[in-house]
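Student: Once you've had a glance at the structure underneath, I'll fire off some questions.
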């Protein structure tokens, strides 16, 4: 026989719950703390599911302005809400390895894939080489003294190479005696002078309007005389013969060479005539300009290297395993030693000693966070530390965090702060402003996240098919 309920006791408002309480306050406390009840204690409303409760908190910002839109959990401060979203509701990344194409949802997993040699194309030494290259470039460009010293190390190599293809004089002349030079006959060049009179004898071709209207009565005879000079060097004595030229009508009349027509319209001097351009009319026998050859990036890089030196951003000048390696560039002929290409003042008598020095003294052993100054034994651990936005260290919120990520990842990653995809279209609701008493639109706060993107390092070399980058060993 079922127990008779006490009419003075308060039953739980959820139909599936048969519990009774002495007071309404006890019953509400029960609904708030029971995980099986989806209850809003601020609004005193029951809901059938947890999703309905979370949606209710979103559309009621006047009562739940610091509630998580994903799980519905409420916080006392906006910073606590954002920290909760960053830790508990992370946005998965889509990071594809540029070597093998494998996809990862965390930046630290991609770095682990490259650092420990899990990639089938990019080896672990190659990844470490990219990281070392980034650190070296940062040190060289940090101040002018380091880069000036770097240029001084290779100054003797640049001075010893002359890239000019032409220039200078040839001393292999057969004329070694003065008697032979005197026997050589030098003939004067005959200019091609036409005896036909110039169309306009009163002004230089082509005549300008102001020149066509001017009077040249004082220089007519001189111009006509100069126009018929002939020069000949065949005789023993050079002769200059002037032939009187015929008289031409003045340009002020009806001549077709006048600067203006009878109607007063000015002629175009350098414009198109009879459908031909001015250049084709002036130079009818000129050959067209040949088309330039196709632009070659390799040839451009070689020319830039000759003019300005090596490109330190794209060249692995320090790596003995790279085809860009040329130890002769850092050879000092005065002391007969090879200088270290790093920010280092060590010099060695042989190339083998220099290679050993680079491999032992300039490899990455530990990495340090620039903000909390904590050391990490691997780039993966440091990337995981930077990726955690809820930790005590706030390095991922600094202004130059993107530059730091580019350096510790060897140029394989870039980062940018973006709005969460589920917060891009926050619905606005109308609420009553308690201060003014007016109905105003309200948009819930939006949370951001760090969007990582896979990039290609500037010193990246496309791997040969069937080979693993950085090892030179054929894959099985």
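In the working numbering, the protein residues as written are 8 to 483.
Even glycine gets a Cβ: it sits at the ideal position worked out from N, Cα and C.
(1) Between the alpha carbons of residue 439 and residue 71, how many angstroms are there, rounded?
(2) With distances taken from CA atoms, which of 139, 29, 99 and 313 is nearest residue 162?
(3) Can you grab the Cα-Cα spacing for the pair residue 94 / residue 102, in whole Å?
(4) Under 7 Å between the Cβ atoms of residue 66 and residue 436?
(5) Looking only at its own chain, which residues have a Cβ that is under 8 Å from the Cβ of residue 131, when we skip the five neighbours before and after it?
(6) What residue does the beta strand (DSSP E) around residue 46 start on, and which one ends it?
(7) What is the residue span of the alpha helix (DSSP H) that residue 420 lies within?
(8) Tell me which residues share the same chain as residue 19 and place their Cβ nearer than 7 Å to its Cβ, disregarding the 5 neighbours each side in the sequence.
(9) To which residues of the same chain is residue 100 closer than 8 Å at the C-beta, ignoring the five residues directly before and after it?
(10) With distance defined between alpha-carbon atoms, name the residue in 295, 53 and 128 nearest to residue 23.
(11) Under the assumption that residue 320 contacts residue 465 (Cβ atoms under 8 Å), give the Cβ distance between them as a whole number of angstroms.
(12) Expressed to the nearest angstrom, what Euclidean distance is found between the alpha-carbon atoms of residue 370 and residue 389?
(13) Less than 6 Å between C-beta atoms, sequence neighbours within five positions excluded: which residues of the same chain meet that for residue 17?
(14) Starting from residue 363, follow the alpha helix (DSSP H) in both directions and report where the run begins and ends.
(15) For the putative contact between residue 87 and residue 60, defined by C-beta atoms under 8 Å, what is the C-beta separation to the nearest angstrom?
(16) Just to check my reading of the structure: residue 398 and residue 138 have Cβ atoms closer than 8 Å, yes? What is that Cβ distance to the nearest angstrom?
(17) Only counting runs of 3 or more residues, tell me where the beta strand (DSSP E) segments fall wholly within the region 76-158, in order along the chain.
(18) Can you check which of these residues, 73, 330 and 430, is closest to residue 469 by C-alpha distance?
(19) Can you check DSSP and say which residues form a bridge with residue 34?
(20) Determine the DSSP secondary structure at residue 435, reduced to helix, strand or coil.
(21) Can you list, in chain order, the residues of its chain whose CB lies under 7 Å from that of residue 107, leaving out five sequence neighbours each side?
(22) Provide the residue(s) that pair with residue 53 in DSSP beta bridges, ordered along the chain.
(23) Relative to the C-alpha of residue 378, which candidate in 467, 403, 152 and 286 has its C-alpha closest?
(24) For residue 92, which residues in the same chain have their Cβ closer than 8 Å to its Cβ, ignoring the five residues on either side in sequence?
(25) Helix, strand or coil, according to DSSP, for residue 448 in the structure here?
(26) Could you work out which residue in 293, 394, 346 and 303 is closest to residue 156 when comparing CA atoms only?
(27) Applying the 10 Å Cβ sphere with the 16-neighbour rule, what's the burial state of residue 209?
(28) So, are the CB atoms of residue 146 and residue 350 less than 7 Å apart?
(29) Do residue 358 and residue 386 have their C-beta atoms closer together than 7 Å?
(30) Determine the burial state of residue 382: buried for a count of at least 16 other Cβ atoms within 10 Å of its Cβ, exposed for fewer.
(31) Hey, quick one: how far does the beta strand (DSSP E) through residue 310 stretch, first residue to last?
(32) Closest to residue 432 by C-alpha separation, out of 451, 447 and 396, would be which residue?
(33) Between the alpha carbons of residue 420 and residue 412, how many angstroms are there, rounded?
(34) Run the CB neighbour count on residue 422, radius 10 Å, all protein chains shown included, and call it buried at 16 or more, exposed below.
(35) In three-state DSSP terms, what is residue 455?
Tutor: Answer, in terms of the structure:
(1) Along the chain shown, one-based indexing puts residue 439 at 432. Along the chain shown, one-based indexing puts residue 71 at 64. Straight-line measurement puts the Cα of residue 71 at about 14 Å from the Cα of residue 439.
(2) The residue given as residue 162 occupies position 155 in the chain shown. It is 313 whose Cα lies nearest to the Cα of residue 162.
(3) Here residue 94 refers to the residue found at position 87 when the chain shown is read from its first residue. Here residue 102 refers to the residue found at position 95 when the chain shown is read from its first residue. Roughly 20 Å separates the two Cα atoms.
(4) Locating residue 66 in the chain shown gives position 59, where the first residue counts as 1. Locating residue 436 in the chain shown gives position 429, where the first residue counts as 1. In this structure, residue 436 lies closer than 7 Å to residue 66 by Cβ.
(5) As a working note, residue 131 is residue 124 in the chain shown. Around residue 131, the same chain offers 121, 122, 123, 124 and 477 as residues with beta carbons nearer than 8 Å, after the five sequence neighbours per side are excluded.
(6) Here residue 46 is taken as the residue at index 39 of the chain shown, counted from 1. Membership of residue 46 in the beta strand (DSSP E) is indicated by the continuous run 45-47.
(7) Your numbering for residue 420 matches position 413 in the chain shown. Membership of residue 420 in any alpha helix (DSSP H) is not indicated; the residue belongs instead to the beta strand (DSSP E) covering 420-426.
(8) Position 12 of the chain shown, counted from the first residue, corresponds to residue 19. Excluding sequence positions up to five before and after residue 19, its CB lies within less than 7 Å of the CB of 26, 34, 37 and 38, all in the same chain and listed in chain order.
(9) One-based indexing of the chain shown puts residue 100 at position 93. So the qualifying residues of the chain are 111, 112, 113, 114, 458 and 459.
(10) Position 16 of the chain shown holds residue 23. Residue 23 has its Cα closest to that of 53, out of 295, 53 and 128.
(11) Mapped onto the chain shown, residue 320 falls at position 313. Mapped onto the chain shown, residue 465 falls at position 458. Residue 320 to residue 465, Cβ: 5 Å. Contact.
(12) Reading the chain shown from its first residue, position 363 is the one you call residue 370. Reading the chain shown from its first residue, position 382 is the one you call residue 389. Approximately 17 Å, taken between the alpha carbons.
(13) Walking along the chain shown from the start, residue 17 turns up at place 10. Once the five neighbours on either side are set aside, the close Cβ partners of residue 17 are 28, 31 and 34.
(14) Numbered from 1 along the chain shown, position 356 holds the residue referred to as residue 363. Here the alpha helix (DSSP H) through residue 363 covers 358-368.
(15) Sequence index remark: in the chain shown, residue 87 carries index 80 (1-based). Sequence index remark: in the chain shown, residue 60 carries index 53 (1-based). So it is not a contact: roughly 20 Å between Cβ atoms.
(16) On the chain shown, position 391 is the one that residue 398 refers to. On the chain shown, position 131 is the one that residue 138 refers to. Actually they are not in contact, since the Cβ atoms of residue 398 and residue 138 sit about 23 Å apart, beyond 8 Å.
(17) When DSSP assignments are scanned along the region 76-158, no uninterrupted stretch of beta strand (DSSP E) that is 3 or more residues long falls wholly within it.
(18) The count along the chain shown starts at 1 and reaches residue 469 at position 462. It is 330.
(19) Here residue 34 refers to the residue found at position 27 of the chain shown. Assignment of beta-bridge partners to residue 34 by DSSP yields no partner.
(20) Numbered from 1 along the chain shown, position 428 holds the residue referred to as residue 435. In the three-state DSSP reduction, residue 435 falls in the coil class, being neither helix nor strand.
(21) Position 100 of the chain shown holds residue 107. If we look at residue 107 and ignore the five residues flanking it on each side, its Cβ neighbours are 126, 127 and 128.
(22) Your numbering for residue 53 matches position 46 in the chain shown. Partner residues in the beta bridge of residue 53, as assigned by DSSP, are 46.
(23) Position 371 of the chain shown, counting from 1, holds the residue named residue 378. Of the candidates 467, 403, 152 and 286, the one whose C-alpha sits nearest the C-alpha of residue 378 is 403.
(24) Residue numbering aside, residue 92 sits at position 85 when the chain shown is read from its first letter. Excluding residues within five positions, the ones whose Cβ falls inside 8 Å are 75, 77, 427 and 454.
(25) The residue given as residue 448 occupies position 441 in the chain shown. Judged by DSSP in its simplified three-state form, residue 448 adopts strand.
(26) Your numbering for residue 156 matches position 149 in the chain shown. Nearest to residue 156 by C-alpha distance, out of 293, 394, 346 and 303, is 346.
(27) Within the chain shown, residue 209 is the residue found at index 202, counting from 1. Because the pLDDT of residue 209 is 48, which lies under 50, any placement of that residue in the model is unreliable, and the question is left without a value.
(28) Residue numbering aside, residue 146 sits at position 139 when the chain shown is read from its first letter. Residue numbering aside, residue 350 sits at position 343 when the chain shown is read from its first letter. Less than 7 Å separates the beta-carbon of residue 146 from that of residue 350.
(29) Along the chain shown, one-based indexing puts residue 358 at 351. Along the chain shown, one-based indexing puts residue 386 at 379. Against a cut-off of 7 Å, the Cβ pair of residue 386 and residue 358 comes out as no contact.
(30) Within the chain shown, residue 382 is the residue found at index 375, counting from 1. By the neighbour-count rule (16 or more Cβ atoms within 10 Å), residue 382 is not buried but exposed.
(31) Your numbering for residue 310 matches position 303 in the chain shown. That residue, residue 310, is in no beta strand (DSSP E); its alpha helix (DSSP H) goes 304-315.
(32) Along the chain shown, read from residue 1 onward, the residue named residue 432 stands at position 425. Comparing C-alpha distances from residue 432 to each of 451, 447 and 396 shows the shortest one belongs to 451.
(33) Against the chain shown, residue 420 aligns to sequence position 413. Against the chain shown, residue 412 aligns to sequence position 405. Using only the alpha carbons, I get a separation of about 7 Å.
(34) Here residue 422 refers to the residue found at position 415 of the chain shown. Buried, because 16 or more other Cβ atoms sit within 10 Å of the Cβ of residue 422.
(35) On the chain shown, residue 455 is found 448 positions in, with the first residue counted as 1. Strand at residue 455.
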